[in-house]
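Asks:
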Amino acid sequence: WPTKRTYWRNRQVFVRHYPTPKPNALPPFSSLPQVKIEQMLLDACKKAGVEFAWNTPVSKVKTTPDGVTVTTESEQDWTAQYVIGADGSRSTVRHALDIPMEGSRSKNSYIVVDVAEDEEHPLPLERVFYYDHPGVGRDVLFVPFVGGWRVDLQCREDDNLDAYSGIEGVRQWLPKVMDAKYVDRITWVSTYQFLQVVARNFTDTNGRVLLVGEAAHLFAPFGARGMNSGIADAVAATNAIDTALSATDAKVAHEAIEEFARIRRSAAEYNRDAAKQALAHVQKRSPIMQVKRNIAALIAPYWERAGVWLDSGPYGPRSGPTGQSAGKY
Ligand SMILES: Cc1cc2nc3c(=O)[nH]c(=O)nc-3n(C[C@H](O)[C@H](O)[C@H](O)COP(=O)(O)OP(=O)(O)OC[C@H]3O[C@@H](n4cnc5c(N)ncnc54)[C@H](O)[C@@H]3O)c2cc1C
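Following my numbering, the residues of the sequence shown are numbered contiguously, the last one being 609.
Right, here's the structure in full:
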């Protein structure tokens with residue numbers, strides 16, 4: 281999208297327009313739904329010759345100093361020298377290795393609603409964030425996606441969730457933040473309480489399983505560090521396994537895996553803290569943050585940096601962990 285805006289209630293405190301990108305260049309911002317990204321990843325894997333064993337969930341994992349045995353629900357055993365555990369937030373692999381998650385959970389809930397665009401009368405392509413939207417008295421984020429909009433309502437800690445999250449609840453509040461026609465265009469509703477957790481270790485005691493993505497960490501999505509850092513984990517894991525497999529010395533091989541675990545865990549802690557900063561900005565729990573936000577909103581018309589701060593706060597710091605070969609995440 282070429283424009284982003286931030287409002288303080290009904291008053292605009294920040295706007296930035298980006299020039300139209302050159303043909304074949306990436307736009308300044310773009311949001312891809314998860315299904316599209318998964319399709320792209322699947323196509324890339326197939327092209328690289330990855331073989332898939334669909335509908336064969338892993339149920340057990342055992343490691344020894346020499347390798348890994350993965351057992352599926354059909355009691356079939358698969359053996360390998362190394363395994364990457366990428367089985368998401370409820371990771372069976374992580375549980376089998378008895379590696380706990382450490383961290384906290386956000387107290388308030390977030391409701392995410394996808395609506396299809398009215399292609400004949402589309403809204404302008406703008407990412408818009410409202411502090412205390414005048415229609416609902418809560419923060420609301422609108423993000424254009426291919427073919428529609430994602431509307432993110434940030435509930436208060438004491439909100440009765442059922443009143444907002446059920447389809448009837450959404451039908452009540454959605455027309456207060458966008459044209460009523462979108463009520464009949466709802467395609468998906470989901471409610472989240474965000475975990476901010478990192479696995480105690482990203483590998484097992486034998487250094488044979490490498491945890492990546494949400495099997496290893498869960499962050500609030502502010503700052504878009506979840507999948508992005510999962511990809512950085514996966515790159516680091518494959519590089520570590522490549523080094524380990526080509527090493528002639530077992531100690532060098534083990535050190536490559538340990539280094540992966542150390543570096544990616546430290547990156548995950550950084551990413552969790554970055555998401556935490558963004559959470560602190562949008563939550564109204566700290567009186568100091570409330571005062572800072574109020575002052576910034578007051579002076580934004582006279583001092584641009586106050587508006588920039590209000591606009592960027594919900595996404596956390598832009599910087600990335602140090603010492604990472606995989607970039608910002
Ligand atoms: C509202 C919201 C918005 C987000 N926005 C962003 C964003 O803008 N940018 C960003 O980078 N991230 C974002 N994220 C985070 C991102 O969606 C996740 O970090 C990412 O999808 C995690 O990928 P994953 O592959 O680790 O796990 P998953 O996507 O959960 O994949 C795990 C896979 O493992 C399989 N599996 C599970 N158990 C087993 C088993 N026992 N055996 C075999 N297979 C198994 C599952 O079927 C699944 O295919 C967002 C998250 C939320 C909730």
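No residue lacks a Cβ here, since even glycine has one placed at the ideal position from N, Cα and C.
Residues in the same chain with beta-carbon distance under 7 Å from alanine 555, minus the five sequence neighbours each way, listed in chain order, please.
Replies: Gln476, Phe499, Ala500, Phe502, Gly503, Arg505 and Gly596
Asks: Three-state secondary structure (DSSP) at methionine 381?
Replies: In this structure, DSSP gives methionine 381 an extended state, which the three-state scheme calls strand.
Asks: Please classify arginine 385 as buried or exposed, where buried requires at least 16 other C-beta atoms within 10 Å of its C-beta.
Replies: If you draw a 10 Å sphere on the C-beta of arginine 385, you find fewer than 16 other C-beta atoms in it, and that means exposed.
Asks: Within its chain, find whatever has a CB closer than 6 Å to the CB of lysine 608; leave out the 5 residues flanking it on each side and keep chain order.
Replies: So the list reads Gly600, once near-sequence residues are dropped.
Asks: With C-beta atoms as the reference, is leucine 590 less than 8 Å away from tryptophan 288?
Replies: yes
Asks: Please name the residue in Ala305, Tyr298, Pro337 and Leu405 whose C-alpha comes closest to that of serine 311.
Replies: Leu405
Asks: In three-state terms, what does DSSP make of tyrosine 390?
Replies: strand
Asks: Work out the CA separation of alanine 396 and arginine 565 for me, nearest whole Å.
Replies: Those two C-alpha atoms are separated by around 34 Å.
Asks: To the nearest angstrom, how far is it from the Cα of methionine 507 to the Cα of glutamate 538?
Replies: 22 Å
Asks: From the DSSP output, read off the bridge partner residues of tryptophan 429.
Replies: Val395 and Pro424
Asks: For tryptophan 583 and methionine 381, I'd like the C-alpha separation in whole angstroms.
Replies: Straight-line Cα distance between these residues: approximately 43 Å.
Asks: Below 8 Å, how does it come out for the stretch 449 to 459 and the stretch 317 to 331: are there three or more Cβ pairs, yes or no?
Replies: no
Asks: Around the Cβ of tyrosine 298, are there at least 16 other Cβ atoms within 10 angstroms (buried) or fewer (exposed)?
Replies: exposed
Asks: Is glutamate 494 near ligand 1 - that is, is its Cβ less than 7 Å away from at least one heavy atom of it?
Replies: yes
Asks: So does arginine 544 have its beta carbon nearer than 7 Å to some heavy atom of ligand 1?
Replies: no
Asks: Between which two residues does the beta strand (DSSP E) holding valine 293 run?
Replies: 291 to 297
Asks: What are the boundary residues of the beta strand (DSSP E) that alanine 360 is part of?
Replies: Per DSSP, alanine 360 is one residue of the beta strand (DSSP E) stretching across 357 to 360.
Asks: Opposite glutamate 406 in the DSSP bridges: which residues?
Replies: Glutamate 406 pairs with Thr283.
Asks: According to the Cβ coordinates, are serine 526 and tyrosine 472 closer than 8 Å?
Replies: no
Asks: When the Cα atoms are used, what is the spatial distance from lysine 531 to alanine 548?
Replies: 25 Å
Asks: Report all residues from its chain with a CB closer than 8 Å to the CB of valine 341; omit the five preceding and five following residues, and keep chain order.
Replies: Val348, Thr349, Val350, Thr351, Val363, Gly365, Thr372, Val373, Ala376, Leu377 and Val489
Asks: Please go through the stretch 431 to 459 and give each complete alpha helix (DSSP H) segment of 4 or more residues, from N-terminal end onward.
Replies: Within the stretch 431 to 459, the complete alpha helix (DSSP H) runs of at least 4 residues fall at 441 to 445 and 447 to 453.
Asks: May I have the straight-line CA-CA distance separating alanine 541 from alanine 333, to the nearest angstrom?
Replies: 27 Å
Asks: Regarding asparagine 551 and ligand 1, is the C-beta to nearest heavy atom distance less than 7 Å?
Replies: Because no heavy atom of ligand 1 lies under 7 Å away, the Cβ of asparagine 551 does not count as near it: no.
Asks: May I ask you to report which of helix, strand or coil DSSP gives serine 526?
Replies: helix
Asks: For proline 313, I'd like the list of residues in its chain whose CB is within less than 7 Å of its CB, leaving aside the five on either flank, ordered along the chain.
Replies: Closer than 7 Å at the Cβ level, and outside the excluded window around proline 313, lie Phe425 and Val426.
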